[in-house]
């Protein structure tokens, strides 16, 4: 019965692509990659009993990625496979078993197989690292489709919505430097009194040139008006993207009432109140 439910929700809740004869459901394509998943492979592997019923906490499924020459070249470089696959034209597609934790918005590649044009496995990898899904991750469309297959809460629709990103605050200094901070609503979720959310802070000089971008994961205690930065990356024209882990101490800090950031806190409070079902989706009461 559970398997039937999963299959039905995959067919009727995730209308973003088309199913092929071999069962692969097309998600999207660009100049480098085409992405698919197999709705019949989606299975809940762990659940938690809560006061509001049983909630899936781990989902497994199979995905497929096909490569253009440029996509194969990029993949080979990312995996350090140039010696094994010297010609990107050799790499045709890959299949992967992914394991998803919807409460923490993570994906782990349990197994990956990379194939040549003849359908022969060139290279395999198991137990890949766990990564959190954000707007910057290759795997976002896999995550949204698979999670919607189980919960039907609108992950796919929210990821492509015009109001996916909402402005928290903007401030221009006396010398013309402007900072604009937005929040990604797809990443919003409540854990107790804390809203977990990824924010994008873009700074431009007086001439309108981007001088810095900070992409950061925040834990914001909405009632108390405090926050901490969990993870962060910074981009500058000189250094590109750099991790900021060494500068984070994990401490919560008060958001000053008359600061621009306090405006952002008020926006988050209002969003959580208006969209309570969304920010509490998949909650297991922790």
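In the working numbering, the protein residues as written are 191 to 476.
For every residue, glycine included, the Cβ atom is placed at its ideal position computed from N, Cα and C.
- Here residue 443 is exposed. Its C-beta has fewer than 16 other C-beta atoms within 10 Å.
- Note on the stretch 246-325: whole alpha helix (DSSP H) runs with a minimum of 4 residues are 259-269, in chain order.
- Minimum Cα-Cα distance from residue 355 among the listed residues 374, 314, 303, 230 corresponds to 374.
- Residue 319 is classed as exposed because its beta carbon has fewer than 16 other beta carbons within 10 Å across all chains shown.
- According to the DSSP secondary-structure assignment, residue 369 is paired through a beta bridge with 361, 393.
- Classified as exposed, residue 235 has fewer than 16 neighbouring CB atoms from the shown chains inside 10 Å of its CB.
- The three-state reading of DSSP puts residue 454 in helix, counting H, G and I together.
- When rounded, the separation of the alpha-carbon atoms in residue 414 and residue 453 is 14 Å.
- In the DSSP assignment, residue 243 is bridged to 240.
- No Cβ-Cβ contact shorter than 8 Å links residue 403 with residue 293.
- The closest CA to that of residue 239, considering only 232, 247, 387, is found on 247.
- For residue 400 and residue 328, the gap between their C-alpha atoms comes out near 24 Å.
- Annotation: residue 357 to residue 326 spans about 18 Å, alpha carbon to alpha carbon.
- Between the stretch 338-356 and the stretch 257-276 there are fewer than three C-beta pairs closer than 8 Å, too few to call the two in contact.
- Taking residue 431 as the centre and dropping the five residues before and after it, the same chain places the C-beta of 423, 424, 425 closer than 8 Å to its C-beta, in chain order.
- Excluding its 5 nearest sequence neighbours in each direction, residue 287 has C-beta neighbours in its own chain below 7 Å: 250, 252, 300, 301, listed in chain order.
- Approximately 22 Å separates the beta-carbon atoms of residue 312 and residue 227; this is outside 8 Å, ruling out the contact.
- Around the beta carbon of residue 410, 16 or more other beta carbons lie within 10 angstroms, which makes this residue buried.
- DSSP, reduced to helix, strand and coil, places residue 471 outside both helices and strands of the structure shown, so it counts as coil.
- The DSSP-derived three-state label of residue 219 is strand.
- Spatial neighbours of residue 322 in its own chain (CB-CB distance under 6 Å, excluding positions within 5 residues in sequence) are listed in chain order as 295, 296.
- Cβ atoms of residue 306 and residue 281 come within 8 Å of each other, at about 7 Å.
- Of the candidates 369, 242, 343, the residue whose Cα lies closest to the Cα of residue 376 is 343.
- For residue 446, the secondary structure class from DSSP, reduced to helix, strand or coil, is coil.
- Residue pairing by DSSP places residue 409 opposite 386, 418 in a beta bridge.
- The secondary-structure analysis by DSSP pairs residue 374 across a beta bridge with 355.
- Rounded to whole angstroms, the gap between the alpha carbons of residue 222 and residue 372 is 28 Å.
- Relative to residue 315, the option among 309, 308, 324, 304 whose CA is nearest is 304.
- Ranked by Cα distance from residue 441, the first of 462, 419, 449, 435 is 419.
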